[in-house]
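Number of protein chains: 2
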Amino acid sequence: METRARETLRERKKRRTREALLRAALELFTTQGYEQTTVDEIAEACEVSQRTFFRYFAGKEDAAFAVQDMTEARFVAAVRERPAHEAPMEAMRQAVLQGWDALRETVESAVPVELYLRMYRTIESTPALLAAHLRRSAATEETIARLLAEREGVDVAADPRPRLAVAVFGGVMRVTERQWSTGDDFSLEAIRQLTASCLDQVGSALTGNWRTT
Amino acid sequence: METRARETLRERKKRRTREALLRAALELFTTQGYEQTTVDEIAEACEVSQRTFFRYFAGKEDAAFAVQDMTEARFVAAVRERPAHEAPMEAMRQAVLQGWDALRETVESAVPVELYLRMYRTIESTPALLAAHLRRSAATEETIARLLAEREGVDVAADPRPRLAVAVFGGVMRVTERQWSTGDDFSLEAIRQLTASCLDQVGSALTGNWRTT
DNA sequence: AGGCTAGTGACAGCCGCTGACAGTTGACAA
DNA sequence: TTGTCAACTGTCAGCGGCTGTCACTAGCCT
Numbered sequence: 001m002e003t004r005a006r007e008t009l010r011e012r013k014k015r016r017t018r019e020a021l022l023r024a025a026l027e028l029f030t031t032q033g034y035e036q037t038t039v040d041e042i043a044e045a046c047e048v049s050q051r052t053f054f055r056y057f058a059g060k061e062d063a064a065f066a067v068q069d070m071t072e073a074r075f076v077a078a079v080r081e082r083p084a085h086e087a088p089m090e091a092m093r094q095a096v097l098q099g100w101d102a103l104r105e106t107v108e109s110a111v112p113v114e115l116y117l118r119m120y121r122t123i124e125s126t127p128a129l130l131a132a133h134l135r136r137s138a139a140t141e142e143t144i145a146r147l148l149a150e151r152e153g154v155d156v157a158a159d160p161r162p163r164l165a166v167a168v169f170g171g172v173m174r175v176t177e178r179q180w181s182t183g184d185d186f187s188l189e190a191i192r193q194l195t196a197s198c199l200d201q202v203g204s205a206l207t208g209n210w211r212t213t
Numbered sequence: 001m002e003t004r005a006r007e008t009l010r011e012r013k014k015r016r017t018r019e020a021l022l023r024a025a026l027e028l029f030t031t032q033g034y035e036q037t038t039v040d041e042i043a044e045a046c047e048v049s050q051r052t053f054f055r056y057f058a059g060k061e062d063a064a065f066a067v068q069d070m071t072e073a074r075f076v077a078a079v080r081e082r083p084a085h086e087a088p089m090e091a092m093r094q095a096v097l098q099g100w101d102a103l104r105e106t107v108e109s110a111v112p113v114e115l116y117l118r119m120y121r122t123i124e125s126t127p128a129l130l131a132a133h134l135r136r137s138a139a140t141e142e143t144i145a146r147l148l149a150e151r152e153g154v155d156v157a158a159d160p161r162p163r164l165a166v167a168v169f170g171g172v173m174r175v176t177e178r179q180w181s182t183g184d185d186f187s188l189e190a191i192r193q194l195t196a197s198c199l200d201q202v203g204s205a206l207t208g209n210w211r212t213t
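Quick note, the sequences are listed as chains A and B, same order.
Heads up: the first sequence at position 200 corresponds to 200 in UniProt numbering, and the numbers run straight through without jumps.
Heads up: the second sequence at position 162 corresponds to 162 in UniProt numbering, and the numbers run straight through without jumps.
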């Protein structure tokens, strides 16, 4: 966590360029749309060449998910740090909620939280980005599955239950995301509350017979 | 189902061109890889111009999923036709299994089943296609959720349980797909059996404490 | 102070995809 | 049968994402 330690001029310039590109990209994506924004525009906004953009980001998509990656990493770390006595589903639940609580600290070093939340919604409403998001989530789920398998002492190759549990959890998260991004309360508290609410209703959703309740 | 009735010459030619393009595309995708195959190659293999390819398919991706779309449509229809007394999860389970059983008839009109299965695996192992696949699945899930909500007489906007149930089911399907495509038995029977097996283990996966069993 | 190299810009080129326009060929009525 | 019309196709031009190459500038290090 000691990034400010002896940062050479070159490194500082690099970091600034990257941050400028990222901020400009997210700003443009969220205001005029992802597809409508060209890489040239982003580069021009920072007064660098298009080629330089591609030296910092593997592609346009990569810039869109740069911040998301930070929060996902936090989530994985949070799961890893959960006490061993917690059941898998409970550990994931706590890790996610914890992630929302600490979102500000996680994100603010790169971009304003408000910009992050706007980008989050842009991802949900842009088909190409939604696809990429789901694929990335699948990769994260695979990581978590291995983590839980090891933690519970089962073989992830032979026992499908770790992957099943994570897939179910991931499915619930996607419903939560969708509900939040199509709702009318775009606050951080709203998404935290929705997360808990959706997780609480999984059992009821699976047992069927929704008419009676 | 009466496609052969009064098919004009023009229509026949069109259908042939489309089928040729589709077959060539899948053949090339599955043998040399999706990214490694250019649209020009596909068009050339059928002796048409690149422009013509784009008149039949919205894009390279579209060709890759043409057959998948047929099976998904069958699945949605199957859910719709399930008896009203079945619980949601059970209805989806039956619909999927039924889909695998009828796969041959569903697919063979377009391409050989073997080619379909090969393409299925190619999708799983190609990041760009996997992303598209997940997004398409999400769209299908939304359709199913509305279907089940109506069927059970609940409001899909107010009650998250239909979407939750479908998301959970979809998650299990993805685990199944992955397990199948990374396993060593690429037969149709294998995937059918895996489907049932994974669905059976969801309960156990969620209750945690995997060590004891 | 001067050599070294990371970082950059400029240029050329591939590929997916689209719009515009003209040529060809099947459909259908006179 | 023939002529007209609409459908289908090829060609060409162009945009945007992305990559390789190469020369050049600017910070680093001795």
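Glycine included, every Cβ here is placed at the ideal spot set by N, Cα and C.
Residue i: which of the options sits nearest, CA to CA?
i, options, result
"A139 (chain B)", "A:T71, A:L134, A:E105, A:R6", "A:L134"
"Q36 (chain B)", "B:A58, B:T126, B:T143, B:S137", "B:T126"
"Q193 (chain B)", "B:E90, B:T143, B:A167, B:L97", "B:L97"
"L164 (chain A)", "B:S197, B:A20, B:A132, B:T71", "B:S197"
"E72 (chain B)", "B:V202, B:M173, B:E152", "B:M173"
"Y34 (chain B)", "B:R16, B:K60, B:D40, B:T17", "B:K60"
"D185 (chain B)", "B:E152, B:R118, B:D155", "B:R118"
"residue 279 (chain B)", "B:T207, B:A87, B:E44, B:N209", "Absent from the model: residue 279 (chain B). The displayed extent of chain B is 1 to 213, so no value can be given."
"D159 (chain B)", "B:G170, B:A145, B:V168", "B:A145"
"E141 (chain B)", "A:V175, A:S137, A:C46, A:W210", "A:V175"
"A58 (chain A)", "A:E44, A:V76, A:V39, A:P83", "A:V39"
"R74 (chain B)", "B:P83, B:D62, B:D101, B:E7", "B:D101"
"L188 (chain A)", "A:T30, A:E44, A:G99", "A:G99"
"T30 (chain A)", "A:T207, A:D62, A:Y120, A:R136", "A:Y120"
"L103 (chain A)", "A:L206, A:I191, A:T207, A:V154", "A:I191"
"S181 (chain B)", "B:S49, B:T143, B:E124", "B:E124"
"E11 (chain B)", "B:V67, B:A24, B:G208, B:Y56", "B:Y56"
"Q68 (chain A)", "A:S109, A:V154, A:S49", "A:S109"
Taking CB distances under 8 Å as the criterion, tell me whether residue i reaches chain B.
i, result
"V96 (chain A)", "no"
"C198 (chain A)", "yes"
"S181 (chain A)", "no"
"A205 (chain A)", "yes"
"L164 (chain A)", "yes"
"V156 (chain A)", "no"
Taking only beta-carbon positions, decide if residue i is within less than 8 Å of chain A.
i, result
"R127 (chain B)", "According to the sequence shown, residue 127 (chain B) is Pro rather than Arg. It does: the Cβ of P127 (chain B) has a partner Cβ on chain A nearer than 8 Å."
"D184 (chain B)", "no"
"G59 (chain B)", "no"
"A87 (chain B)", "yes"
"P83 (chain B)", "no"
"V111 (chain B)", "no"
"L147 (chain B)", "no"
"R15 (chain B)", "no"
"Q201 (chain B)", "yes"
Since residue i and residue j are thought to touch, with beta carbons under 8 Å apart, how far apart are those beta carbons, to the nearest angstrom?
i, j, result
"L129 (chain A)", "T122 (chain A)", "7 Å"
"I42 (chain B)", "F53 (chain B)", "6 Å"
"A95 (chain A)", "V79 (chain A)", "4 Å"
"M70 (chain B)", "T17 (chain B)", "So it is not a contact: roughly 18 Å between Cβ atoms."
"A20 (chain B)", "C46 (chain B)", "5 Å"
"Q179 (chain A)", "R161 (chain B)", "Their Cβ separation, rounded to whole angstroms, is 12 Å, which puts Q179 (chain A) and R161 (chain B) out of contact at 8 Å."
"E90 (chain B)", "W210 (chain A)", "With a Cβ gap of about 14 Å, E90 (chain B) and W210 (chain A) do not count as contacting."
"G170 (chain A)", "S137 (chain A)", "6 Å"
Does residue i pass the burial test, meaning 16 or more other C-beta atoms within 10 Å, or should it be called exposed?
i, result
"L22 (chain B)", "buried"
"T3 (chain A)", "Annotation note: pLDDT 39 at T3 (chain A) (below 50); position unreliable, no value reported."
"residue 268 (chain A)", "This structure leaves residue 268 (chain A) out entirely; chain A is present only between 1 and 213."
"R51 (chain B)", "exposed"
"A131 (chain A)", "buried"
"K13 (chain A)", "exposed"
"T195 (chain A)", "buried"
"R93 (chain B)", "buried"
"Q32 (chain B)", "exposed"
"R82 (chain A)", "buried"
"A77 (chain B)", "exposed"
Does the ligand GTP have a heavy atom nearer than 7 Å to the CB of residue i?
i, result
"T143 (chain B)", "Inclusion of the ligand GTP in the displayed structure is not the case, the ligand content being empty and no account of it being possible."
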